[in-house]
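Novice:
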Amino acid sequence: MAVFSVNEVVLKTRPEIHRIRYACTPIEELFRSLPSVLKTGYPIEELRSYCLKFLRGQGCEPALRGFNGFPEDICISVNNVAAHGVSTAEVLQEGDLVTIDVTTVRDGWHGDGAWTFAVGRPGPAAKRLLRCAWQATREGILALKAGFYLSEVGKAIDSVARRYGCTVLPYFVGHGIGRSIHEEPKVLHTLVDQLPCPVVPGLVVTIEPIVSLGGSATKLLDDGWSQTTVDGSLTAQFEHTVAVFSTHTEVLTMRNQRDLLLDFPPFI
Numbered sequence: 001m002a003v004f005s006v007n008e009v010v011l012k013t014r015p016e017i018h019r020i021r022y023a024c025t026p027i028e029e030l031f032r033s034l035p036s037v038l039k040t041g042y043p044i045e046e047l048r049s050y051c052l053k054f055l056r057g058q059g060c061e062p063a064l065r066g067f068n069g070f071p072e073d074i075c076i077s078v079n080n081v082a083a084h085g086v087s088t089a090e091v092l093q094e095g096d097l098v099t100i101d102v103t104t105v106r107d108g109w110h111g112d113g114a115w116t117f118a119v120g121r122p123g124p125a126a127k128r129l130l131r132c133a134w135q136a137t138r139e140g141i142l143a144l145k146a147g148f149y150l151s152e153v154g155k156a157i158d159s160v161a162r163r164y165g166c167t168v169l170p171y172f173v174g175h176g177i178g179r180s181i182h183e184e185p186k187v188l189h190t191l192v193d194q195l196p197c198p199v200v201p202g203l204v205v206t207i208e209p210i211v212s213l214g215g216s217a218t219k220l221l222d223d224g225w226s227q228t229t230v231d232g233s234l235t236a237q238f239e240h241t242v243a244v245f246s247t248h249t250e251v252l253t254m255r256n257q258r259d260l261l262l263d264f265p266p267f268i
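Numbering of the sequence shown is given in UniProt numbering, commencing with residue 1 and proceeding in unit increments.
1) Just to check my reading of the structure: residue 242 and residue 207 have Cβ atoms closer than 8 Å, yes? What is that Cβ distance to the nearest angstrom?
2) Run through DSSP, which three-state label would residue 212 get?
3) Quick check: the Cα distance between residue 151 and residue 165, rounded to an integer number of angstroms?
4) I'd like the span of the alpha helix (DSSP H) that includes residue 268, first residue to last.
5) Are residue 215 and residue 167 close, meaning C-beta to C-beta below 9 Å?
6) Report the partner residues of residue 219 according to the DSSP bridge assignment.
7) Using only CA atoms, which one of 92, 263, 123 lies nearest to residue 35?
8) How is residue 34 classed by DSSP in three states: helix, strand or coil?
9) Please classify residue 135 as buried or exposed, where buried requires at least 16 neighbouring CB atoms within 10 angstroms.
10) Assuming residue 64 and residue 103 form a contact by the criterion Cβ under 8 Å, report the distance between their Cβ atoms to the nearest whole angstrom.
11) Within the same chain, show all residues whose beta-carbon is closer than 7 Å to that of residue 238, passing over the 5 residues directly before and after it, in chain order.
12) Which residue or residues does DSSP assign as beta-bridge partners of residue 264?
13) Roughly how many whole angstroms lie between the Cα atoms of residue 200 and residue 55?
14) Could you tell me the alpha carbon to alpha carbon distance between residue 185 and residue 24, rounded to whole angstroms?
15) Expressed to the nearest angstrom, what Euclidean distance is found between the alpha-carbon atoms of residue 84 and residue 37?
16) Just to confirm my understanding: we take residue 107, look at its own chain, exclude 5 residues before and 5 after, and list those with CB closer than 8 Å. What are they?
17) Can you tell me whether residue 129 is helix, strand or coil according to DSSP?
18) Could you tell me which residues DSSP pairs with residue 269 in its beta bridges?
19) Give me the Cβ distance between residue 105 and residue 139, rounded to the nearest whole Å; I'm assuming they're in contact under 8 Å.
20) What does the alpha-carbon distance come out to for the pair residue 190 and residue 80?
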């Protein structure tokens, strides 16, 4: 394990990337199982229990509980809740957008992913948002290449959001990942000034823009965790853990790399 000089970025060896990939595998398996579960009337707390049981059945543990004081194993955010959704007695409704955000740990290495699902048939605006969020993450990943700068990721994501008339929420960023859930560098998803960070082989980060149909302002709910859009606009997010090699970039949370090139998420 080598420490890169910019912001103490910890670069990973190929065997270490393999261990992170192993931690990521159950995340996609969980996400692929969820469309058959997410039905109108399904209690959100039962959904949380389902995710927890599924991941443990895959031989890994959720890693969010206790991280920075977070009180849950699984993060579930619905509609205008942009991030960090916690326990609620609500049930799913037709047309809801549900984002499942999970962090796993296996043998001391972490994986991280998020996926937004539609309950029933998404309306035109929700479908546009899902398409935008998916393509924004895709283009951010495609911009992450050895020999370029990390700032290219934010440029690519911002360009997609503008094309769809959506907004990237600027205060939610990606991060390095490995032995710790959050490592350097921070991965900004918008066009903002930042110190130049070259992308080099061995870099493992998450790319996870949150996109809204309205403005970028958010507020904290009384539960002390849930962040909602101030204007009540819908949000969506697709997060992947990504590793950089000298010749290519690999999505560790996706078994079929060709799925990344789709214009719409392969399952919602």
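Note that CB positions come from ideal geometry on N, CA and C, so glycine has one too.
Quick caveat: nothing in here was measured; it's all calculated off a predicted structure.
Specialist: Inspection of the coordinates gives the following:
1) Translated into the one-based positions of the sequence shown, residue 242 becomes position 242. Translated into the one-based positions of the sequence shown, residue 207 becomes position 207. Sure, about 6 Å apart at Cβ, within 8 Å.
2) Stepping through the sequence shown from its first residue, residue 212 is reached at position 212. In this structure, residue 212 counts as strand in the three-state DSSP scheme.
3) To locate residue 151, count along the sequence shown from 1; it is residue 151. To locate residue 165, count along the sequence shown from 1; it is residue 165. Cα-Cα distance, rounded: 21 Å.
4) Counted from its first residue, the sequence shown places residue 268 at position 268. That residue, residue 268, is in no alpha helix (DSSP H); it is neither H nor E in DSSP.
5) Counting from one through the sequence shown, the residue named residue 215 turns up at place 215. Counting from one through the sequence shown, the residue named residue 167 turns up at place 167. Against a cut-off of 9 Å, the Cβ pair of residue 167 and residue 215 comes out as a contact.
6) Working through the sequence shown from its first residue, we reach residue 219 at position 219. Beta-bridge pairing links residue 219 to 228.
7) For the purposes of this step, residue 35 is identified with residue 35 of the sequence shown, where counting begins at 1. Selected option, being the one with the closest Cα: 92.
8) The residue given as residue 34 occupies position 34 in the sequence shown. Three-state result, residue 34: helix.
9) By 1-based counting over the sequence shown, the position of residue 135 is 135. Buried.
10) In the sequence shown, counting from the first residue as 1, residue 64 sits at position 64. In the sequence shown, counting from the first residue as 1, residue 103 sits at position 103. Right, the Cβ-Cβ distance comes to about 5 Å (below 8 Å), so this counts as a contact.
11) Taking the sequence shown and counting its residues from 1, the one referred to as residue 238 is at position 238. If we look at residue 238 and ignore the five residues flanking it on each side, its Cβ neighbours are 114, 115, 116, 133, 134, 137, 265.
12) On the sequence shown, residue 264 is found 264 positions in, with the first residue counted as 1. BP columns for residue 264 are empty, so no partner.
13) Taking the sequence shown and counting its residues from 1, the one referred to as residue 200 is at position 200. Taking the sequence shown and counting its residues from 1, the one referred to as residue 55 is at position 55. Rounded to the nearest angstrom, the two C-alpha atoms are 31 Å apart.
14) Sequence index remark: in the sequence shown, residue 185 carries index 185 (1-based). Sequence index remark: in the sequence shown, residue 24 carries index 24 (1-based). Distance between the alpha carbons of residue 185 and residue 24: 19 Å.
15) In the sequence shown, residue 84 corresponds to position 84, counting from 1. In the sequence shown, residue 37 corresponds to position 37, counting from 1. If you take the alpha carbons of residue 84 and residue 37, they lie about 21 Å apart.
16) Sequence index remark: in the sequence shown, residue 107 carries index 107 (1-based). Here the set comprises 19, 22, 23.
17) Numbered from 1 along the sequence shown, position 129 holds the residue referred to as residue 129. Helix, per DSSP.
18) Residue 269 lies beyond the stretch modelled for the chain, which goes from 1 to 268, so this question has no answer here.
19) Here the question's residue 105 lines up with position 105 in the sequence shown. Here the question's residue 139 lines up with position 139 in the sequence shown. In fact, because the Cβ distance is near 29 Å, the residues do not count as touching under 8 Å.
20) If you number the sequence shown from 1, residue 190 lands on position 190. If you number the sequence shown from 1, residue 80 lands on position 80. Cα to Cα, the separation comes out at about 20 Å.
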